[in-house]
Amino acid sequence: MRVFLVLLYLYASYVIAQPKNETFDFELYKNLGKNADIYRHQYLKTDGCILYKISFDKEEGGYIEESLPSPSFITRRKDYYPNGKIKSIKHFIGENVLIGKSVYYNKKGVKRIVDEDKKFKKIKYPYILQFLEKKGHINLKTGKGRIVDIKGTNYFGFQLYYVEEMNMWEAIIKGGYPEDKCLEKYIELAKKEKQKKEKQKKEEDSHLDCSYPERNCDLHYFIDAISGKQISKQEYAKRYRAAFGEEDERLDYIFTEP
């Protein structure tokens, strides 16, 4: 419990004070520009953050996305008006989940603060991070697992989703499902797809098709947002139907622990 409270405090108090007159870093953009993707997850800024996206448009404005200094698992996005002045500052965990205090500035520089943590129920993101650490996917002390190398390309090691309608968290470990078992499942699923479409296919297109659009070996965990207990794929399907009134088309291709 003590470790959890310490984590909660650290992740709830991370917001670094930003200068009111902060502006877009045009010098950095000039140096990287369209080549920013080449340096994704590798370009270390002077403040210790690692840049992975930077863009600017004279009409739309710009943005910078970066990871906070290791071992933090938090990423930050700053949006800017076309004149270069700061528009908003947001923080995320697991790429997708807004956390902490989001700050919005109008064109006159007056700010509005939104508490993103209000939406969470009993189970908050520090608990999920601890869950992933216990499973061996990340290390909260060293930052291991934040960025991973998959086939020579750097990715965030995991994604998180907080699905309020389903009263659950979803954690996706990139490439976390055993590759040999992953291949076996795809072949099995491809055979089923073939059987369904066999009558509709032309003779020259009746071969085994393993090219499902979302093919990957990602590992999915589903966690109840109140109890913190891991829930099954079947329970996930039940909650999905109850929340959205339909089946999740990806369900067969969502791989949970083998």
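According to the working numbering, the residues represented by the sequence shown are 3 to 260, in order. We treat Cβ as the ideally placed atom computed from N, Cα and C, and that holds for glycine. Just so we're clear, the structure is a prediction, and the values are computed from it rather than from any experiment.
When the beta-carbon positions are compared, residue 238 and residue 224 come within less than 8 Å of each other.
Excluding residues up to 5 positions away in sequence, 63, 81, 82, 83, 107 lie with their Cβ nearer than 7 Å to the Cβ of residue 89 in the same chain. About 26 Å separates the beta carbon of residue 96 from that of residue 26, a gap too long to meet the 8 Å contact definition. Here residue 94 carries a strand assignment [DSSP, helix/strand/coil].
Distance between residue 37 and residue 46, taken at the CA atoms: about 15 Å. Our two residues, residue 172 and residue 66, have alpha carbons roughly 26 Å apart in a direct line. In the structure shown, the three-state DSSP call for residue 61 is coil. A check of alpha carbon separations from residue 258 across 187, 196, 249 identifies 187 as the nearest.
Of all alpha-carbon atoms in 233, 219, 168, the one lying nearest the alpha-carbon of residue 247 is that of 168. Cβ neighbours of residue 122 within its own chain (closer than 8 Å, five residues either side excluded): 164, 227.
In this structure, residue 30 lies away from residue 99, with their beta-carbon atoms at least 8 Å apart. The beta-carbon separation of residue 176 and residue 150, rounded to 6 Å, stays under the 8 Å limit for a contact.
At least 8 Å separates the beta-carbon of residue 218 from that of residue 44.
For residue 238, the three-state secondary structure derived from DSSP is helix. With a cutoff of 8 Å on beta-carbon distance, residue 174 and residue 220 are scored as near each other.
Following the DSSP letters along the chain, one finds residue 182 in no beta strand (DSSP E) but inside the alpha helix (DSSP H) bounded by residues 181-199.
Under the DSSP assignment, residue 132 falls in the alpha helix (DSSP H) whose first and last residues are 127-136.
Counting the other CB atoms within 10 Å of its CB gives residue 260 a total below 16, which places it among the exposed residues. For residue 31, the enclosing alpha helix (DSSP H) begins and ends at 28-34.
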